[in-house]
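Below is one structure, written out as structure tokens; the observations come after it.
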Amino acid sequence: MAEKKTKKPKKAPVSKQPKKQEEPKSNKIKVRLIALFLLFIFFISICQLGIVGGFFHTLMVYIFGSMMIYPILIILSIVSAYFVIKGEAPQWKGPQAIGLVMMIIGILLICTYAGNMHSTGSMNNYIKHDGVTSGGLIGSLLYAPLSALFSPIGTLIFGIILLLAGLALFSSKYIHQYKIKQNEKEAQDAVEVFENKKETSKVKDFFAPKQKEKGFFPDKVFEEKEPLKEPDIDLTFNQKSMRLDIEKKKPKKMEYKDGVYQLPSFDLLNPIRNTGNLSEEAKHAKSTGKILENMFEEFGVNANVVHLYIGPTVTKFEIKLEAGTRVNRILQLQDDIQLALAAKEIRIEAPIPGKPYVGIEVPNKTAAMVPFNEVYQLSMRDHTWDNKLAVPLGKDVSGNLIVAELNKMPHLLIAGATGSGKSVCVNSIITSILMKATPDEVRLILVDPKKVELSNYNGVPHLLSPVVTDPKKAAGVLQQVVAEMERRYEVFADNGQRNMESYNIYARTFNEKANDEDKKEIMPYHVVILDEVADLMMVASKTVEDCIMRISQMARAAGIHLIVATQRPSTDIITGVIKANIPSRIAFAVSSSVDSRTILDATGAEKLLGKGDMLFSPMGSSSPVRVQGAFVADEEVSRVVEFVSKQMDANYDDNYVNAKEVSNGSSSVNDSLDDTEEEYEECREFVIKEQRASTSLLQRRFRIGYNKAARIMDQLEQNGVIGPQIGSKPREVYIRGYSEEDI
Numbered sequence: 001m002a003e004k005k006t007k008k009p010k011k012a013p014v015s016k017q018p019k020k021q022e023e024p025k026s027n028k029i030k031v032r033l034i035a036l037f038l039l040f041i042f043f044i045s046i047c048q049l050g051i052v053g054g055f056f057h058t059l060m061v062y063i064f065g066s067m068m069i070y071p072i073l074i075i076l077s078i079v080s081a082y083f084v085i086k087g088e089a090p091q092w093k094g095p096q097a098i099g100l101v102m103m104i105i106g107i108l109l110i111c112t113y114a115g116n117m118h119s120t121g122s123m124n125n126y127i128k129h130d131g132v133t134s135g136g137l138i139g140s141l142l143y144a145p146l147s148a149l150f151s152p153i154g155t156l157i158f159g160i161i162l163l164l165a166g167l168a169l170f171s172s173k174y175i176h177q178y179k180i181k182q183n184e185k186e187a188q189d190a191v192e193v194f195e196n197k198k199e200t201s202k203v204k205d206f207f208a209p210k211q212k213e214k215g216f217f218p219d220k221v222f223e224e225k226e227p228l229k230e231p232d233i234d235l236t237f238n239q240k241s242m243r244l245d246i247e248k249k250k251p252k253k254m255e256y257k258d259g260v261y262q263l264p265s266f267d268l269l270n271p272i273r274n275t276g277n278l279s280e281e282a283k284h285a286k287s288t289g290k291i292l293e294n295m296f297e298e299f300g301v302n303a304n305v306v307h308l309y310i311g312p313t314v315t316k317f318e319i320k321l322e323a324g325t326r327v328n329r330i331l332q333l334q335d336d337i338q339l340a341l342a343a344k345e346i347r348i349e350a351p352i353p354g355k356p357y358v359g360i361e362v363p364n365k366t367a368a369m370v371p372f373n374e375v376y377q378l379s380m381r382d383h384t385w386d387n388k389l390a391v392p393l394g395k396d397v398s399g400n401l402i403v404a405e406l407n408k409m410p411h412l413l414i415a416g417a418t419g420s421g422k423s424v425c426v427n428s429i430i431t432s433i434l435m436k437a438t439p440d441e442v443r444l445i446l447v448d449p450k451k452v453e454l455s456n457y458n459g460v461p462h463l464l465s466p467v468v469t470d471p472k473k474a475a476g477v478l479q480q481v482v483a484e485m486e487r488r489y490e491v492f493a494d495n496g497q498r499n500m501e502s503y504n505i506y507a508r509t510f511n512e513k514a515n516d517e518d519k520k521e522i523m524p525y526h527v528v529i530l531d532e533v534a535d536l537m538m539v540a541s542k543t544v545e546d547c548i549m550r551i552s553q554m555a556r557a558a559g560i561h562l563i564v565a566t567q568r569p570s571t572d573i574i575t576g577v578i579k580a581n582i583p584s585r586i587a588f589a590v591s592s593s594v595d596s597r598t599i600l601d602a603t604g605a606e607k608l609l610g611k612g613d614m615l616f617s618p619m620g621s622s623s624p625v626r627v628q629g630a631f632v633a634d635e636e637v638s639r640v641v642e643f644v645s646k647q648m649d650a651n652y653d654d655n656y657v658n659a660k661e662v663s664n665g666s667s668s669v670n671d672s673l674d675d676t677e678e679e680y681e682e683c684r685e686f687v688i689k690e691q692r693a694s695t696s697l698l699q700r701r702f703r704i705g706y707n708k709a710a711r712i713m714d715q716l717e718q719n720g721v722i723g724p725q726i727g728s729k730p731r732e733v734y735i736r737g738y739s740e741e742d743i
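As numbered in my numbering, residues 1 to 743 make up the sequence shown, in order.
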């Protein structure tokens with residue numbers, strides 16, 4: 001019994017399953033056979049084959065009319081063919097079925113109207129035409145009441161509206177399905193692209209031949225790449241820097257207290273010559289943009305080049321990152337970009353201040369020189385031209401003029417390696433001042449420990465003293481500058497003024513009404529330039545650092561401005577005190593990022609190209625600006641100096657000419673011993689009496705400091721009282737009594 005029960009349920013599903021599967025198959029066969037028969041009937045009706053074909057043709061004409069017979073038969077044939085192929089009827093329900101009926105009714109009404117039945121009572125006309133009308137029996141039944149209600153024209157319009165509305169309802173489902181399929185296809189394509197990018201390397205390695213795996217280099221290096229698509233980049237030139245339309249007028253003669261002073265003309269400078277080929281640079285820049293975009297695509301960085309600016313020596317590319325892309329991705333590719341472009345140095349500014357872009361600065365194929373004559377003439381158009389201390393430095397990466405206003409900085413630090421353009425920058429600043437200001441407006445103090453950089457300015461009437469070349473005397477000159485600063489503040493306090501500009505206005509107004517004896521002095525600007533501060537720090541570091549600190553802290557309101565230049569950007573030269581009080585800085589090319597941080601408190605100067613390429617960080621700027629410095633030749637400087645010197649002789653100030661360093665506690669041993677003569681005598685008597693001498697012994701016996709005790713021991717040795725120090729042995733006392741001492 002158990003065996004019979006187990007066998008029955010096994011047979012039951014086997015016998016039932018084929019019945020459920022065979023039922024829809026048999027239905028489809030029946031539908032196909034019926035549809036095939038109807039298709040045969042429609043075919044012989046269209047062709048009017050035989051008695052049967054003629055009968056069905058006449059019947060269709062009677063029902064649908066002569067104009068609709070062939071379209072109706074063709075549509076029915078297509079539907080029958082669909083039944084034969086699919087084995088089922090199309091699912092036309094709801095709006096589609098209603099739309100199909102509306103289309104048929106509209107077509108029948110239009111066809112009936114076209115059959116010259118323009119009057120009411122269509123059924124009579126239908127009978128007169130023996131039942132053969134353009135709309136057939138159905139069209140006449142529909143047309144008769146409508147034409148009586150709305151007139152034939154109204155019925156035609158109604159039929160057209162029904163046709164269009166039915167077409168819209170019938171096709172709405174198919175249009176909706178098509179849109180859904182398109183959206184699904186786009187989404188699927190996006191997923192496939194993402195998966196292909198993610199697994200490209202795996203697929204290539206899987207299908208790659210074994211012979212290629214033995215190579216040392218990856219296969220991708222030797223693949224022939226498709227030609228790069230030219231990106232849509234906005235190429236920008238600075239039109240102002242390409243052509244100068246400044247009228248050549250002679251400078252106006254300025255009134256001077258000793259006569260008339262004429263400012264030098266820019267005719268003394270070398271003529272402007274175009275040194276760069278803009279068309280070649282534009283082609284090179286566009287090809288570089290293609291390489292950058294190709295690199296971003298290869299490394300999977302969603303970014304593209306949107307703008308590029310061609311400067312004198314570098315081209316700046318502005319990169320726009322897509323949403324979700326980190327800026328750090330660009331910074332990580334710095335070495336790869338430099339390798340791909342075969343560039344000497346590249347600099348990445350991420351991000352550009354005030355712009356939603358990342359900047360990549362690439363050296364030009366050929367560097368263009370920026371002549372001083374060009375930037376000087378461009379500065380004539382600038383709003384800072386009336387400022388006597390506004391000096392043109394050069395051009396930025398966009399070709400725009402960069403002007404430094406010394407009275408607003410108020411002090412400037414210039415640092416860079418040897419040969420980077422530091423001395424040329426100093427010469428351009430001095431030359432600009434000589435060409436814009438009279439000796440009554442600006443006075444100069446030049447310190448040149450190297451003795452060769454600024455010596456050609458000797459004899460210029462703007463100088464307060466000859467060019468200082470002795471480091472010890474330079475410390476005294478700086479102390480005299482501090483004294484002048486303090487004197488000016490006393491004058492301001494006596495006259496109730498806060499700074500030099502307001503005092504000069506007050507003094508000029510006062511002098512218009514005062515006598516010659518009571519007139520107040522008009523104070524000029526003082527510009528102090530230290531060409532190599534490292535040499536000064538080695539000789540008198542304490543004095544120089546103290547003077548620089550006091551000048552930089554207080555001299556702005558007094559009209560005294562300091563420019564410090566050095567080729568040794570180390571922390572022992574550019575100390576924290578100097579950096580804290582000189583906010584405006586210029587960094588030329590340096591050897592390491594440590595030197596760049598010492599100058600600018602930021603990296604970037606190690607990426608500069610040299611030959612005047614600089615980073616200019618004025619006071620209040622969030623990030624430094626890259627500038628190609630103006631080049632002023634030695635012969636240009638000589639012509640300007642000669643022109644200025646011929647007009648008047650230099651009038652030096654004796655306080656600066658005869659300046660000497662005042663001791664601040666670091667004097668020699670003999671000078672210090674003059675103040676401690678009594679202590680020296682006491683120590684000598686003690687040493688002779690005790691016949692032993694040491695620094696610690698003198699400290700304990702006389703309760704003096706180590707420095708004073710050590711100086712007394714040195715003096716005792718120089719006078720022959722005690723012997724030299726020999727290792728750890730005690731010093732030998734040579735004097736046994738006062739009579740033996742050789743004084």
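Yeah, the Cβ is synthetic: ideal placement off N, Cα and C, and Gly gets one too.
The residue from Arg347, Ser696 and Ile107 with its alpha-carbon nearest to that of Ala589 is Arg347. Residue Lys365 holds the alpha-carbon nearest to the alpha-carbon of Lys344 among Val327, Ile352, Leu59 and Lys365. Judged by beta-carbon spacing, Ala342 lies beyond the 8 angstroms limit of Ile310, meaning their Cβ atoms are not closer than that value. Rounded to the nearest whole angstrom, the CA to CA distance from Glu512 to Tyr503 is 14 angstroms. Three or more beta-carbon pairs drawn from the region 390-408 and the region 365-379 are found closer than 8 angstroms, and the two stretches are therefore classed as touching. Here Val452 carries a coil assignment [DSSP, helix/strand/coil]. Rounded to whole angstroms, Asp595 and Ala565 show a C-alpha spacing of 14 angstroms. Annotated as proximal: Ile578 and Ile548, with beta-carbon spacing under 8 angstroms. For the alpha helix (DSSP H) assignment, the uninterrupted runs of no fewer than 4 residues enclosed by the region 574-601 are, from N- to C-terminal side, 576-581 and 593-600. If the five residues before and after Asn407 are omitted, its C-beta is found closer than 6 angstroms to the C-beta atoms of Leu389, all from its own chain and listed in chain order.
Take Ala650, set aside five residues on each side of it, and the residues of its chain with a beta-carbon closer than 6 angstroms to its own are Gly459, Pro461 and Leu463, in chain order. In chain order, Ser423 and Asp531 place their CB closer than 7 angstroms to the CB of Glu453, counting only its own chain and leaving out the 5 sequence neighbours on each side.
Under the 8 angstroms Cβ criterion, the region 434-454 does not count as touching the region 594-609, having fewer than three qualifying pairs. Residue ranges of uninterrupted alpha helix (DSSP H) with 4 or more members, entirely inside the region 423-504 and ordered along the chain, are 471-495.
In the DSSP assignment, Tyr525 falls within the beta strand (DSSP E) that extends over Tyr525 to Leu530.
Note that the C-beta distance between Ala285 and Thr313 is not below 8 angstroms. With the rule of 3 Cβ pairs closer than 8 angstroms, the region 426-433 counts as touching the region 625-638. One thing to note: Met103 has its Cβ within 8 angstroms of the Cβ of Leu167. DSSP places Ala605 within a helical segment (H, G or I) once states are collapsed to three. Counting the other Cβ atoms within 10 Å of the Cβ of Glu681 gives fewer than 16, which makes it exposed.
When Lys320, Ile157 and Ile85 are compared, the shortest CA-CA separation from Leu109 is found for Ile157.
Rounded to the nearest whole angstrom, the C-alpha separation of Ser622 and Ile582 is 15 angstroms.
In this structure Pro466 does not touch Tyr734 by the C-beta definition: roughly 50 angstroms separates them, more than the 8 angstroms allowed.
The C-beta distance from Val370 to Ala630 rounds to 5 angstroms, short enough to meet the 8 angstroms contact threshold. Between Gly289 and Phe317, the gap from beta carbon to beta carbon is short of 8 angstroms.
In this structure, Phe643 sits away from Pro271, with a CB-CB distance that is not shorter than 8 angstroms.
Beta-bridge partners of Ala404 (DSSP): Val391.
Taking a 10 Å sphere around the C-beta of His176, we find fewer than 16 other C-beta atoms and assign the residue as exposed. Here the alpha carbons of Pro410 and Pro353 stand approximately 24 angstroms from one another.
Rounded to whole angstroms, Leu163 and Leu59 show a C-alpha spacing of 25 angstroms.
By the neighbour-count definition (other C-beta atoms within 10 Å, threshold 16), Asn707 is an exposed residue.
Secondary structure of Arg32 (DSSP, three-state): helix. Tyr525 counts as buried, since at least 16 other C-beta atoms from the protein chains shown sit within 10 angstroms of its C-beta. Residue range Gln334 to Leu341 is occupied by the alpha helix (DSSP H) that includes Ala340. The C-beta separation of Ala475 from Leu562 comes to about 14 angstroms, leaving the pair out of contact by the 8 angstroms criterion.
When Ser591, Thr598 and Gly620 are compared, the shortest CA-CA separation from Lys607 is found for Ser591.
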